[in-house]
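One structure is given below, encoded as structure tokens.
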Ligand SMILES: *Cc1c(COP(=O)(O)O)cnc(C)c1O
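So this is what it looks like as structure tokens:
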């Protein structure tokens with residue numbers, strides 16, 4: 007009951023164009039099914055093992071997103087089914103995803119994770135590294151991945167101005183890439199930013215996809 011209600015409250019507060027990824031890490035399949043029965047279909051996890059375990063037992067029409075740091079040697083476990091990988095943080099990882107997607111006969115949609123926070127968040131490309139990747143021409147050889155946008159995590163802080171400025175920097179980079187480097191790419195459209203504590207700010211700053219866990223499922227027993 008609670009989960010369905012939480013979902014509907016959030017959906018009332020976000021524009022229809024913004025996608026809601028329900029982050030179900032550390033939550034049970036029963037809890038996920040509660041959201042599923044309330045017609046939710048997009049779920050995100052941050053650990054490969056947990057994602058695979060849940061995908062195996064839950065309905066096939068769920069769209070599974072990987073949002074956590076991903077090691078190259080684990081890509082093969084999710085390549086057969088994952089819908090979107092938010093956390094591509096190195097060119098090496100992108101190459102591995104391409105290879106494993108090809109093996110599965112799929113093309114996998116990816117977001118490049120950008121380092122926008124002051125500290126804390128360890129992973130992500132710097133702007134210069136993304137430009138390097140785009141001008142290298144390598145993407146043309148990676149035919150089994152598609153870069154559909156960017157993802158960022160703001161600093162974990164109460165300072166709303168800082169959070170807002172970090173989200174603005176992601177939007178600015180997105181606009182720059184779309185205009186100058188990926189102008190022909192109709193599929194480069196997503197900005198994944200915003201979590202339980204900051205999703206309203208993220209939407210004001212141009213988010214197209216929010217990743218919300220605790221506001222839907224309740225607090226997790228351990229922070230992660
Ligand atoms: C856990 C997690 C979220 C959701 O966090 P909440 O604060 O519970 O909404 C979003 N994105 C990533 C990458 C996460 O690991």
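In our numbering, the protein residues as written are 7 to 230. Ideal placement from N, C-alpha and C gives every residue a C-beta, glycine not left out.
As the crow flies, the alpha-carbon of residue 218 is around 5 angstroms from that of residue 201. Per DSSP, the unbroken beta strand (DSSP E) holding residue 119 starts and ends at 114-120. In the displayed model, residue 133 falls within a helix according to three-state DSSP. Under DSSP, residue 60 shares a beta bridge with no residue.
Around ligand 1, the residues whose beta-carbon falls short of 5 angstroms from at least one of its heavy atoms are 29, 52, 73, 201, 202, 217, 218, 219 and 220, given in chain order. The Cβ-Cβ distance between residue 114 and residue 63 does not fall below 8 angstroms. Minimum Cα-Cα distance from residue 223 among the listed residues 76, 93, 42 and 134 corresponds to 42. Separation of residue 95 and residue 39 (C-alpha to C-alpha, rounded to the nearest whole angstrom) is 31 angstroms.
Taking C-beta separations shorter than 7 angstroms and ignoring five residues to either side along the sequence, the partners of residue 131 in its chain run 95, 118, 119, 120 and 121, following chain order.
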